[in-house]
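Residue numbers (our numbering), protein chains in the order written: chain A, 1 to 450; chain B, 451 to 765; chain C, 766 to 1111. Every residue, glycine too, gets a C-beta built ideally from N, C-alpha and C.
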Amino acid sequence: MAEEKKMKRCPVTLQPDIENILDWSSLEAGDFEQASQSEKEDFIQDRQSVSYWKDAWRRLKMNTVAMVALGVIIFLVLFAFAGPHLVPYGYEEFNKGAENLHPFHYALEDQKRLEAEIAARTQTETLSVDDIIAQAQAEAEAKGEKLSSVDIAKLRAQAKVNTQSASQEDAVDPDEILKELGIKKKLFGYSMAELERKAAGEKVFPHIFGTDMYGRDILVRVMYGARVSMSVGICAAILVLCIGATYGAISGYCGGRVDAVMQRIVEVIYSVPEMLVVLLIATALKPILTEYVNTGSGPLKSFVAVLGPNLISMFIAFGVLYWVTMSRIIRGQVLQLKQQEYVTAARALGASGGRIIRRHLIPNCIGQIVVTTCLQIPSAIFLESFLSYLGVGVSAPLPSLGSMATDALSGMYTYTYRLVIPSMVLSIMILAFNLFGDGLRDALDPKLKK
Amino acid sequence: MGKYVAKRLGMALVTIFLVTCLTFLLMNAVPGSPWLSEKAPSEATLAALNAKYGMDKPVHIQLLKYLQNLLKGDFGVSLKMQKNRAVLSIIGEMFPVSAKVGAIALCWAVLVGVPLGCLAAFKRGKLTDSILRVVCTLGISMPSFVVASILLVAFAGGIASMKIFPTIFDPSVGWRTYVLPCFALGFYPMCYTARQTRSAMLDSLNQEFIKTAKAKGLKNSKIIFKHALRNALIPVITYLGPQVAFTLCGGFVVESVFSIPGLGRYFVQSIQNRDYPVIMGTTVFLASFIILMNMVVDILYKIADPRINLTKGGE
Amino acid sequence: MAEGKDNQKLLEVKDLHVSFFTPAGEVKAVGGISYDLNYGEVMGVVGESGSGKSQEAYSIMGLLQSPGKVVGGSITFEGQDVLKFSKEEMTAFRGSKVAMIFQNPMTCLNPVYTIGNQLVEALRAHDKEISKADAEKRAMEMMEMVGINNVEKRMKQYPHEFSGGMRQRVMIAMGLICHPQLLIADEPTTALDVTIQAQILELMKALQKKTKMGIIFITHNLGVVADICDKVSVMYAGKIVEQGPVDDIFYKAAHPYTLGLLRSMPRVDADSYERLIPIEGTPVDMLNPPEGCPFAPRCEHCMKICLKKMPPYVEIGENHRSACWLRVQEYLNKKSDSREENGNEQ
């Protein structure tokens, strides 16, 4: 009867039955005493509060792609800035006798074998042109005639055609012979002279990526190119950051008419076709700056001279146009943050406008700023290579990855590596920055990741 | 609606005007002149040439004169590259070539990019997504000259057995000649579109109304294609404007690589040759085109989104 | 007793556990709740933000968003285990058997489609046979039923042309268009003005009487609960701390948290000098839920045992249960009293 009643009263049978629980819970005497305040406080195991940056770093660390990208970036920085010190060649050093080296070589003895083999195969007696003419003259004289100069020219032409067709028919393909002899390519490029020096026991640094048509070491040039690209990328990003953040913060903070006017300006710049204008500015400024370096004076001159007019004109071009996105982002953030109570509170306490921007607004949109700046780097590198490729960016003697690719176009099919190596380095660099920037955005802005 | 369009048009005209002035001043600031490369002309000849083309007057007068002519539709004549030929007729000849290549490139970019982006968003966190993400990031990391040269090496002679497409652009060959340039030109916008679509799609899939749609018991396909995609595509439209610009400007490089007789290549050549009227003409033309395209895309965006009431003057 | 289905179980939830697997660790959003709901009954689920009340509702609909997952327990709807449904079964189940309306009507309607389109779509998702014209007719009837005038015109309008209250009406119409047996309303009035709130509540009450459906009404507003519900579950930190008929909860509240909620609620019938008393402190961190009663640190009656062990449910009245050591203490006292009495008798 009691059982039945209980069932009725407690329809959800899975509810813990108080009797059962009390059976196993051995209650202590003091259990039903009032707990003290300190006991209550101890009870709450607060989650270890994680700071914004720590949290972001934790998220970033979990993002494998971003971490690999970071590794690549670090490697590239070392490659570009420490690398040239390890390689004993200069980017503008013409290594005589080492022109057009591939990034591989054949051992000295192999090359000799190859030459011998080629010589052996081409020994089929083909008479030289002069021999033919001499022969013909002798024949003519024997007949009592004399060869006219026209006849000689005819003979010459014919002989040439003959030898050409002969050499075409049984042309010796060095590749074939290499295969037959079982000679294998060895890594890195060495010129003959260098191989001999090496054989003599000297230590010779190889041309790891080969050399170009003037015998310049491609590895060093790529290193310097990467250095230029990265410098341009980072400086441009900082420039954009400074202009954009200031402009955006002022525009957003002041609001009202100031904001309206500033935003109209932004809108105009926004719709300007960037590449077109950057191309023009870069072209136009370069000669002006060059002239300034040659004729000007003062500390600014030496500064311009150190960096080179190329780079500076590119920075300016970049700085003039690319800050717009940054300023828009910052303005949006500021407008949003302005509504927050703590800003009102700070203002009520009499904080100056500058102080509010510095102490409250900037720290709160720092995440966005970092991400946008980071993503600005690859786009600057992209633009630099684009301009250099068109021949209006970084120019000789300083190498740039873009201009190296242009130079390589002429011998594209025979010396493919000259095109591929700088292109690869460039693409990998931009890719690494992009992937890292993406990862950073995901880490700093968890809302976007959802 | 009308008010909004008028406002945008006004902005566009101001921008075009500013770009024109900026270009003109920049051009005049550059040392050197179109006559330099010819065998050092005598002082007298130089003066005569300058006088003939009105280049002896102060810059602001020249600019005013230029703007006046521009309003009349007179872009001036080429000084050097195709001497005395009207710039407008040069543009008329070159632009269709660029536009055709560009349009094909942009079309395939959008037609492939949008579905890829959707696929990546749909498979978020899975292998497909990761692969697509890396490929698309690679795509926006490779300058067009890299893509173009890789294509050339791979499919136009580098590998003997793979010489499928011609190296040099020649419309008489037929469609084959378009494949490589259009691919090279469209690769970046394709990847860009895919990335934008993916993030817009994810954004859209996180909206509350998707939850409503699920609660209604709609099928997954319907949720994605009807509810998420439509909302995702609206912001994607806005990216199309800048992409038109990019495709045209990317054309500078691709046209050089494939020797396409288009406006982009000509523009770069004219800069190198200091052929002022041609530089001015092409800049003004391209800039106006890009600015107007941006404007059209913006207006399309407002039309595509029913939330924005254009009859009340926008915003 | 001619109640028909009235006393039969519509939904039974047993020991439901829902966890979110975040990078920081497992967050136990719902830690073992059980209740049942009969046909035509309205149950209120009350609790503050983050108490897991919405997540519990989402798990019924299979709408938990990753990284959330049901990790234990069962949900039985009309004798079928909802958690074992295949994807297709779940799709067919949502909308036709159970409908849900959400907190924010502003964002819950797709901005790029007309109201009519979205209503018709809901109907046609489950009734493949119905013609478009019929579906539209039904949609218009539903809109009239939820009190929208000028239906013909309204059907062709976009969500942004509707006010918040009107949108919530549309949401309700959309939920009810397939005649579901259960409606889950996730804070349907929270985002609305007070006057609109009253209208929506009236509407829901009227519709409930008409359609005899079961309703799970999730809210943090006890006033709303008193108005509409038959019974109430009070949730705190993923657990039901008190459960019972609505009158019991209001007049014989047995858990300090429920009492706290009641005291912090303004009342029309209260003495004008009576002050509202807030519940001090903040909810516990669900990432490392403590061993004992989650409410202990905020509870004025907190005892030593509260910090050590989760209290069991004690029945206080018919269908009225509460999980609090105070009640256990009372029970024990009563028991020892009765033992003493028994002993005396013996």
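{"Item": "When you compare each of C/Thr879, C/Pro1010 and C/Ala794 to C/Val1114 by their alpha carbons, which one comes out closest?", "Value": "In the structure as shown, chain C begins at 766 and stops at 1111. Residue 1114 of chain C is therefore absent and cannot be evaluated."}
{"Item": "Using a Cβ cut-off of 8 Å (strictly closer), state whether C/Val911 contacts chain B.", "Value": "no"}
{"Item": "Whole-angstrom Cβ separation of B/Gly567 and B/Arg680, contact assumed at under 8 Å?", "Value": "So it is not a contact: roughly 14 Å between Cβ atoms."}
{"Item": "Are B/Pro639 and B/Thr587 closer than 8 Å when you measure CB to CB?", "Value": "no"}
{"Item": "Does the structure place the stretch 836–852 of chain C close enough to the stretch 1017–1026 of chain C that three or more beta carbon pairs sit under 8 Å?", "Value": "no"}
{"Item": "In three-state DSSP terms, what is C/Val792?", "Value": "strand"}
{"Item": "Quick one: which residues of the stretch 1055–1073 of chain C get their C-beta closer than 8 Å to a C-beta of chain A? List them in chain order.", "Value": "Pro1055, Gly1057, Ala1061, Pro1062, His1066, Cys1067, Met1068, Lys1069, Ile1070, Cys1071, Leu1072 and Lys1073"}
{"Item": "Output the distance between the C-alpha atoms of C/Phe786 and C/Pro832, rounded to the nearest integer angstrom.", "Value": "5 Å"}
{"Item": "Does the beta carbon of A/Gln368 sit closer than 8 Å to a beta carbon anywhere in chain B?", "Value": "no"}
{"Item": "Would you grab the beta carbon distance between B/Lys664 and B/Ile673 for me? Rounded to a whole angstrom, and I think it's under 8 Å.", "Value": "6 Å"}
{"Item": "Please check if any C-beta of chain C sits within less than 8 Å of the C-beta of B/Leu582.", "Value": "no"}
{"Item": "Only counting the same chain, and skipping five residues up and downstream in sequence, which positions put a Cβ closer than 7 Å to that of C/Lys1099?", "Value": "none"}
{"Item": "The alpha helix (DSSP H) spanning A/Ser313 covers which residue range?", "Value": "Pro309 to Lys338"}
{"Item": "Tell me whether A/Phe205 sits in a helix, a strand or coil according to DSSP, three-state version.", "Value": "coil"}
{"Item": "At what residues does the beta strand (DSSP E) containing C/Met865 begin and finish?", "Value": "Val863 to Ile866"}
{"Item": "Residues bridged to C/Lys1004 by DSSP?", "Value": "C/Tyr1001"}
{"Item": "Under a three-way DSSP split, which group does C/Ser896 fall into?", "Value": "coil"}
{"Item": "Enumerate in chain order the residues of its own chain whose CB-to-CB distance from C/Lys1074 is below 6 Å, with the five nearest sequence positions on each side excluded.", "Value": "Gly1057"}
{"Item": "With a Cβ-Cβ cutoff of 8 Å, do A/Ile73 and A/Phe436 count as a contact?", "Value": "yes"}
{"Item": "Hey, could you find the ends of the alpha helix (DSSP H) B/Met730 is sitting in?", "Value": "Tyr726 to Ala754"}
{"Item": "Grab the span of the alpha helix (DSSP H) containing C/Phe982 for me, first residue to last.", "Value": "First-last for C/Phe982: Gly979 to Thr984, but that is the beta strand (DSSP E), not the alpha helix (DSSP H)."}
{"Item": "Run through DSSP, which three-state label would C/His1020 get?", "Value": "coil"}
{"Item": "Just to make sure I have the definition right: I need the residues of chain A whose C-beta is within less than 9 Å of the C-beta of C/Pro1010. Which are they?", "Value": "Those within 9 Å of C/Pro1010 in chain A number zero; the least Cβ separation is about 13 Å."}
{"Item": "In chain order, what residues of the stretch 719–753 of chain B put their CB closer than 8 Å to some CB of chain A?", "Value": "Ile721, Gln722, Ile729, Thr733, Leu736, Ala737, Ile740, Ile741, Asn744 and Met745"}
{"Item": "Residues of chain B with CB under 8 Å from A/Asn434, in chain order?", "Value": "Thr587, Ile590 and Ser591"}
{"Item": "At what residues does the beta strand (DSSP E) containing C/Tyr1078 begin and finish?", "Value": "Tyr1078 to Gly1082"}
{"Item": "DSSP three-state call for B/Asn519: helix, strand or coil?", "Value": "helix"}
{"Item": "Are any of the Cβ atoms in chain C nearer than 8 Å to that of A/Arg441?", "Value": "no"}
{"Item": "Where A/Glu341 and C/Leu947 are concerned, what is the direct C-alpha to C-alpha distance, given to the nearest angstrom?", "Value": "42 Å"}
{"Item": "Can you have a look at B/Leu742 and say buried or exposed, based on whether 16 or more other CB atoms are within 10 angstroms of its CB?", "Value": "buried"}
{"Item": "In whole angstroms, give me the CA-to-CA distance for C/Thr856 and B/Lys666.", "Value": "8 Å"}
{"Item": "Counting contacts by CB-CB distance shorter than 8 Å, is B/Gln657 in contact with chain C?", "Value": "yes"}
{"Item": "Could you pull the start and end residues of the beta strand (DSSP E) that C/Glu777 belongs to?", "Value": "Lys774 to Thr787"}
{"Item": "What are the residues that DSSP puts in a beta bridge with C/Phe842?", "Value": "C/Leu776 and C/Gln845"}
{"Item": "Please decide whether A/Asp212 counts as near chain B, where near means a Cβ-Cβ distance under 8 Å.", "Value": "no"}
{"Item": "Who are C/Met1068's beta bridge partners in DSSP?", "Value": "A/Gln34"}
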